[in-house]
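Number of protein chains: 2
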Amino acid sequence: MNKTQITAEPGIPQIIIAREFDAPRDLVFRAYTDPELLVRWLGPRDLALTVERYETRDGGKWRYVNTDTQGNTYGFHGVFHGDPSPDAIVQTFEFEGAPGHVKLDCITLHERGSKTLVRTVSAFSSAEDRDAMIASGMERGVRDSAERLEDLLGKLQAS
Amino acid sequence: MNKTQITAEPGIPQIIIAREFDAPRDLVFRAYTDPELLVRWLGPRDLALTVERYETRDGGKWRYVNTDTQGNTYGFHGVFHGDPSPDAIVQTFEFEGAPGHVKLDCITLHERGSKTLVRTVSAFSSAEDRDAMIASGMERGVRDSAERLEDLLGKLQAS
Chain Z
1 MNKTQITAEP GIPQIIIARE FDAPRDLVFR AYTDPELLVR WLGPRDLALT VERYETRDGG
61 KWRYVNTDTQ GNTYGFHGVF HGDPSPDAIV QTFEFEGAPG HVKLDCITLH ERGSKTLVRT
121 VSAFSSAEDR DAMIASGMER GVRDSAERLE DLLGKLQAS
Chain H
1 MNKTQITAEP GIPQIIIARE FDAPRDLVFR AYTDPELLVR WLGPRDLALT VERYETRDGG
61 KWRYVNTDTQ GNTYGFHGVF HGDPSPDAIV QTFEFEGAPG HVKLDCITLH ERGSKTLVRT
121 VSAFSSAEDR DAMIASGMER GVRDSAERLE DLLGKLQAS
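If you read the sequences in order, they're chains Z and H.
My numbering puts the first residue of the first sequence at 1, with every later residue one more than the last.
My numbering puts the first residue of the second sequence at 1, with every later residue one more than the last.
Below is the structure:
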């Protein structure tokens, strides 16, 4: 599997994203939890990412802001449930443009020989919340992020 | 409505609980966020509740333990997303007997004249997680809790 699979069934308040990366699990985990790496791959290509805080521990808070070429900003924040580990990164997620609509993301990293399968399950409070997230153009961000992460992981391993 | 409504549709990883209480919204909010009140109503009647921590603020952690008459203990923990308010108490929830299966609870309190409608939406990462929670006997705990809370709110208003 070298392509990002996005599963969003009608009426089910959930999105499942799966993608295999050609990199060891520990390196993928680092890319997900080190803010200096995060800004190099997370989000759509045409948006800049600024990480304001990223406290990767139980109860830690995170917040980052996307900025587009016109200078518009899009803030996101949440908290971590449990200490993040390659077994599970569990975090809440709220887009500040739609306050009060919180989802829960559970990211698990699975070793597949020398590769790593990343599986992200997003649980929403309603199917409407889920549909709004999809309508916002989430898919582009997910696909861009995966391609950018693949490139970054390749560079980190080559260096 | 004077009865607890529990909605859990087949295949949908979600539980919605609704119940009206004959008490003002601020008092119901206090009962949900003050650990000294929480131990007087949360959980099945035959279990004792001990609150170890209950940090009702953004990123705050909570943990409580149920103890049955034989001395068996059941621990639960999570974190708060955002500062809890009567508009929304958002928190993660993990039963330590089934580690790794985290849900997101969003509790909203709605003023209905002199009464308060409490609506709790639990979002699970899978329908299997949701079904396991129901199979664990959750319903008894929910119904006992609501009756105990109704009694407590009555006493608090009479005193």
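C-beta atoms are modelled at their ideal positions from N, C-alpha and C, and glycine is treated no differently.
DSSP, reduced to helix, strand and coil, places Ala98/Z outside both helices and strands of the structure shown, so it counts as coil.
The residues Tyr74, in chain order, have a CB closer than 7 Å to that of Gly97/Z in the same chain once the five nearest residues on each side in sequence are set aside. In the DSSP assignment, Lys155/Z falls within the alpha helix (DSSP H) that extends over Met138 to Ala158. Within chain Z, the C-beta atoms nearer than 8 Å to that of Pro13/H come from Ile12, Pro13, Gln14 and Ala123, in chain order.
In terms of Cβ geometry, Gln14/Z and Pro10/H do not form a close pair [threshold 7 Å].
Annotated as proximal: Ser125/H and Val121/Z, with beta-carbon spacing under 7 Å.
Contact with chain Z is found for Val79/H, since one of that chain's Cβ atoms lies less than 7 Å from the residue's Cβ. Residues of chain H with a Cβ closer than 8 Å to the Cβ of Thr120/Z do not exist, since the nearest Cβ in that chain sits about 10 Å away. Each of Glu52/Z, Asp46/Z and Gln91/Z was checked against the Cα of Asn72/Z, and the nearest Cα belongs to Asp46/Z.
Where Glu20/Z is concerned, there is no enclosing alpha helix (DSSP H), although the beta strand (DSSP E) around it starts and stops at Gln14 to Phe21. Judged by their CB atoms, Thr56/H and Gly78/H are not nearer to each other than the 7 Å cut-off. Under the Cβ distance rule, Thr50/Z does not count among the residues neighbouring chain H, no pair being separated by less than 7 Å.
Restricting attention to Glu94/Z, Gly100/Z and Glu150/Z, the CA atom closest to the CA of Lys115/Z is found in Glu150/Z. Annotation: the continuous alpha helix (DSSP H) that includes Val28/H extends over Arg25 to Thr33.
Look at Val142/Z: its C-beta is not under 7 Å from any C-beta on chain H. Between Thr7/H and Ile16/H, the C-beta gap is smaller than 7 Å, which places the two residues in contact. With fewer than 16 other CB atoms across the displayed protein chains lying within 10 angstroms of its CB, Ile134/H is exposed. Close to Leu104/Z, with beta-carbon spacing below 8 Å, are these residues of chain H in chain order: Thr92, Val102, Lys103, Leu104, Ala123 and Ser125. In the three-state reduction of the DSSP assignment, Asp68/Z falls in the coil class.
Arg130/Z: member of the alpha helix (DSSP H) spanning Ala127 to Ala135, first to last residue. The C-alpha of Glu128/H is placed about 14 Å away from the C-alpha of Pro99/H. DSSP, reduced to helix, strand and coil, places Glu111/Z within a strand of the structure shown.
At least 7 Å separates the CB of Gly75/H from every CB of chain Z. The continuous beta strand (DSSP E) containing Arg53/H extends over residues Ala48 to Tyr54. As the crow flies, the alpha-carbon of Asp26/Z is around 7 Å from that of Pro86/Z. Under the Cβ criterion of 7 Å, Gly59/H is counted among the residues facing chain Z. Asp58/H places its beta carbon less than 7 Å from that of Gly82/H.
Spatial neighbours of Phe21/Z in its own chain (CB-CB distance under 7 Å, excluding positions within 5 residues in sequence) are listed in chain order as Val28, Lys115, Thr116, Val118, Leu149, Glu150 and Leu153. Shortest Cα-Cα distance from Pro44/Z to any of Lys155/Z, Phe80/Z, Ala158/Z and Glu147/Z involves Glu147/Z. Of all residues in the stretch 13–41 of chain H, only Pro13 and Gln14 come within less than 7 Å of chain Z when Cβ atoms are compared, listed by chain position. Residue state for Leu37/H is assigned as helix, using DSSP reduced to three classes. Looking at the DSSP output, Lys3/Z sits in no beta bridge, so it has no partner there.
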